[in-house]
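The listed protein sequences correspond, in order, to chains A and B.
Counting from 1 along the first sequence, just add 1023 to a position and that's the residue number in my numbering.
Counting from 1 along the second sequence, just add 12 to a position and that's the residue number in my numbering.
Note that beta-carbon positions come from the ideal geometry of N, C-alpha and C, so glycine has one too.
To keep things clear, I will list the structure first and then write my remarks on it.
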Amino acid sequence: MFCTNCGNQVSEGANFCVGCGSPVKHATPAMPVNPPAQPLVTPSIAPVISAVLQAVFDPDSQPFTPTFGQPYVQPPLPAPSPNFKPPPAPVEDAPSGGTSSKCSWCGAAFDGDPQSCPKCGAILHAHNVVTRSGWGQLPGRKDMAKLQFGNSVCQIEGAYVPVADMKLAPEDSVYFAHHVLLWKDPQIQITTMSLKGGWKRLFAGMPLIMTQAQGPGHIAFSKDDPGELIALPLQPGESVDVREHLFLAANTQVAYDWFNPNVWFSTRSGDDTETHYPIGMFMDRFSAGDTPGLLLLHAGGNVFVRELGPGQTILIKPSALIFKDPLVQMHLHFERPSSMFSGWGNWGNRYLWLRLFGPGRVAVQSVFEPIEGEARNISNFSYATEQRW
Amino acid sequence: MTVSHLPAAEPLERIQCQWCQAMNPKTALSCSACGAPLDIRNLVSESGWREAPRIRDMTEIHFSSSTCQVEGEIVPVAEINLGAGDSIFFEHHVMLWKDEHVPLTLMQLSGGLKRAFAGMPFLISVATGPGRIAFSRDATGELVVLPLHPGMELDVREHAFLLSSHQISYSFVRVKGLTNILFGGQGMYMDRFITTSTPGLLILHGYGNVFERRLGAGESIMVEPGAFLYKDSSVNMDVEFQKLGAGFFGGSTMSMAKLTGPGRVGIQSMYVHHKTE
């Protein structure tokens, strides 16, 4: 192998060139953007499994060629469900006269040359960190970064369980969910926001009631587990769909609504049928009206975002979903590993995925919980695709 | 007398990784076998515990024809780009996302069906390349990357292993009497990983921070069962019961794991116990 920069010979597996120190580009097997619709390999199962087992248990064996019982054929993408309402296209910021740069995370345009984005706090001039497979990390944000919304300022403090510390201007107000208020000034007025049908939604035994805080004064929010605080400035007309209970706070310019994502399955044991909602019964939708808004979410662990092209798919653990663009559609996907014991196929050893397809952004968190009911006898489910290997 | 001139030698300097002993070129910043930063010296406490290396965000690790990228520092994700013909195995509840076309197979295990984890029978799945698949766990911690050289045997606390490459063989044993004090269980399983002639890669997830110590022959340490993470199979583990309280009130007993060298012992600082049903 040779360095692409200086031509020096580099040893296999080295990350940097010994001669000039520049990073070595490894030839990573190129992945097709869309999986092939052709069968991967020959359809015979017994030699495959013995090969797998041999390779797993006998390290002396040669690498085997994977052959599986079922050829891989990409399941079709369903037609939009009746609940699917594409949102209005966001209004692009009209470029103003002295605009010099744009934030790569939130797209905010601003004048001058600040260190970090005034809308979302992202450090500017730092290159985006993207994994080899195309997931981007949240842009770095300096501790104590300040975000502006309306005439108010939100400062984000701490890196382990970050706190959103807001200084509200007299005319500004924010709303927030239960269990996230950390502290507030005594003079901050708190009222409940009336939500149509909010009593139907329960969180930790309490009906979902959004609480509103009116400036002037200071108020701070945080959640109860280590993770990342996501600042999503919304352009006028822009919307985002968020899995429930990840919402921290938003300013009152952001409209709040929810919808049924129609992702569920029911399990039966005896005469009992139970319905499970792997991404929740409801999904929150936040939209900015005529003015830009600020939406704050909190996710457990680390956060990764990727942009799916039209028709491009990805399988994610349902409980790892944070948010998606409204144009991204999703449904359940069952995946059954192949096994040499036919009986095992019924042992609840299927994997339950959320299959998403573009166009649009998708964000996942690295902390996720097991899905309730996943291993039980599934009797009925919302639209789903299946892959048997 | 003539001065013999040695030919100018090629720069043969190598840095040995202090974590996994792999040799790396002098200019490498992180070990290509385990991802440990090479420019940070070993952090060892006065009592002899060594901190597991904190893997830098986006570090790449190479094994067989595959790579693993470690992403994030709160709950790190191991993103695997499997080369053709390579496979890895793992248990339930660790897959974060995957490409649709990466095939999954079940590994044959004796007794696995008697062991259930979070409602699912205990089964090990195998993913085969080419393709991408990513793994993470459910709480804050560190990834412990252990390249296993031929002839190594490692015992790991149940449900602590995130994934392993297919060159490593897997089995498990039940340890009775452990987990009494914190978790009130009847015992716990220990996974055993053995290499034979080909090196392999084993990645564990430890909760909180992870520390390792090498015990000399006959040297012992008492470890809270919730903190035990892994040990070389040459390290002997006994369960010791210690009576708490005295006099008329009887008191209760606590169980501790007594580990006796020679070999490595790894512990985690946060006790998260996923009990197998």
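Query, Result
"Are residue 1273 of chain A and residue 1317 of chain A closer than 8 Å when you measure CB to CB?", "yes"
"Would residue 1338 of chain A count as contacting chain B if we go by Cβ distances under 8 Å?", "yes"
"Using a Cβ-Cβ distance under 8 Å, would residue 86 of chain B count as near chain A?", "yes"
"Decide if residue 1394 of chain A is buried, meaning its Cβ has at least 16 other Cβ atoms within 10 Å, or exposed.", "buried"
"With DSSP run on the structure shown, which of helix, strand or coil describes residue 1361 of chain A?", "strand"
"Do you know whose CA, among A:1248, A:1236, A:1300, lies nearest residue 985 of chain A's CA?", "As shown, chain A starts at 1024 and ends at 1412. That puts residue 985 of chain A outside it, with no answer to give."
"How big is the Cα-Cα spacing for residue 180 of chain B and residue 27 of chain B?", "26 Å"
"Report the neighbours of residue 1154 of chain A on chain B: residues whose CB is nearer than 8 Å to its CB, in chain order.", "70, 81, 83, 91"
"Assess, as a yes-or-no matter, whether the segment 1401-1412 of chain A is touched by the segment 105-120 of chain B under the definition of 3 or more beta carbon pairs within less than 8 Å.", "yes"
"Mind listing which residues of the segment 150-162 of chain B have their C-beta closer than 8 Å to chain A's C-betas, in chain order?", "150, 151, 152"
"Tell me, please, whether the CB atom of residue 30 of chain B is closer than 8 Å to any CB atom in chain A?", "no"
"Is residue 272 of chain B near residue 214 of chain B, with beta carbons less than 8 Å apart?", "no"
"I need the straight-line Cα distance from residue 1208 of chain A to residue 219 of chain B, nearest angstrom please.", "36 Å"
"By DSSP's criteria, residue 1147 of chain A is part of a beta bridge. Which residues make up the other side?", "For residue 1147 of chain A, which the question treats as bridged, DSSP gives no partner whatsoever."
"Could you tell me which uninterrupted alpha helix (DSSP H) segments, each at least 4 residues in length, are contained entirely in the segment 25-86 of chain B, listed from first to last along the chain?", "none"
"Please work out which residues of its chain come closer than 6 Å, Cβ to Cβ, to residue 281 of chain B, disregarding the five sequence neighbours upstream and downstream, and give them in chain order.", "220, 221"
"Using beta carbons (cut-off 8 Å, strictly below), is residue 217 of chain B in contact with chain A?", "no"
"Taking residue 1260 of chain A and residue 1335 of chain A to be in contact with their CB atoms under 8 Å, please state how far apart those CB atoms are, rounded to whole angstroms.", "Incorrect: roughly 25 Å between the Cβ atoms, too far for contact."
"Give a yes or no on whether the minimum CB-CB distance between residue 65 of chain B and chain A is below 8 Å.", "no"
"Using a Cβ-Cβ distance under 8 Å, would residue 272 of chain B count as near chain A?", "no"
"May I ask you to report which of helix, strand or coil DSSP gives residue 1343 of chain A?", "helix"
"Find out if the Cβ-Cβ distance for the pair residue 68 of chain B, residue 224 of chain B is shorter than 8 Å.", "no"
"Identify the residues that DSSP records as bridge partners of residue 1245 of chain A: which are they?", "BP columns for residue 1245 of chain A are empty, so no partner."
"Might you give, ordered along the chain, the residues of its own chain that have their beta carbon closer than 6 Å to the beta carbon of residue 1119 of chain A, omitting 5 neighbours on each side?", "Confidence at residue 1119 of chain A is low in this model, with a pLDDT of 47, below 50, so the placement of that residue is unreliable and no value is reported for it."
"Would you say residue 1325 of chain A reaches chain B, if we count a Cβ-Cβ gap shorter than 8 Å as a contact?", "yes"
"Tell me the rounded alpha-carbon separation between residue 241 of chain B and residue 230 of chain B.", "20 Å"
"Nearest-angstrom Cα distance between residue 1282 of chain A and residue 1307 of chain A?", "7 Å"
"Are residue 119 of chain B and residue 136 of chain B closer than 8 Å when you measure CB to CB?", "yes"
"Can you give the beta carbon distance from residue 174 of chain B to residue 102 of chain B, rounded, assuming they're within the 8 Å contact cut?", "7 Å"
"Taking CB distances under 8 Å as the criterion, tell me whether residue 1206 of chain A reaches chain B.", "no"
"Among A:1360, A:1235, A:1290, which one has its Cα closest to the Cα of residue 1401 of chain A?", "A:1290"
"Could you tell me whether any Cβ in chain B is nearer than 8 Å to the Cβ of residue 1297 of chain A?", "no"
"Using a Cβ cut-off of 8 Å (strictly closer), state whether residue 1406 of chain A contacts chain B.", "no"
"The beta strand (DSSP E) that contains residue 254 of chain B, what's its start and end?", "248-255"
"In whole angstroms, give me the CA-to-CA distance for residue 1085 of chain A and residue 141 of chain B.", "The predicted position of residue 1085 of chain A is uncertain, since its pLDDT is 40 and thus under 50; no value can be drawn from it."
"Going along the chain, which residues of its own chain have a beta-carbon closer than 7 Å to the beta-carbon of residue 83 of chain B, five neighbours each way excluded?", "69, 70, 89, 91"
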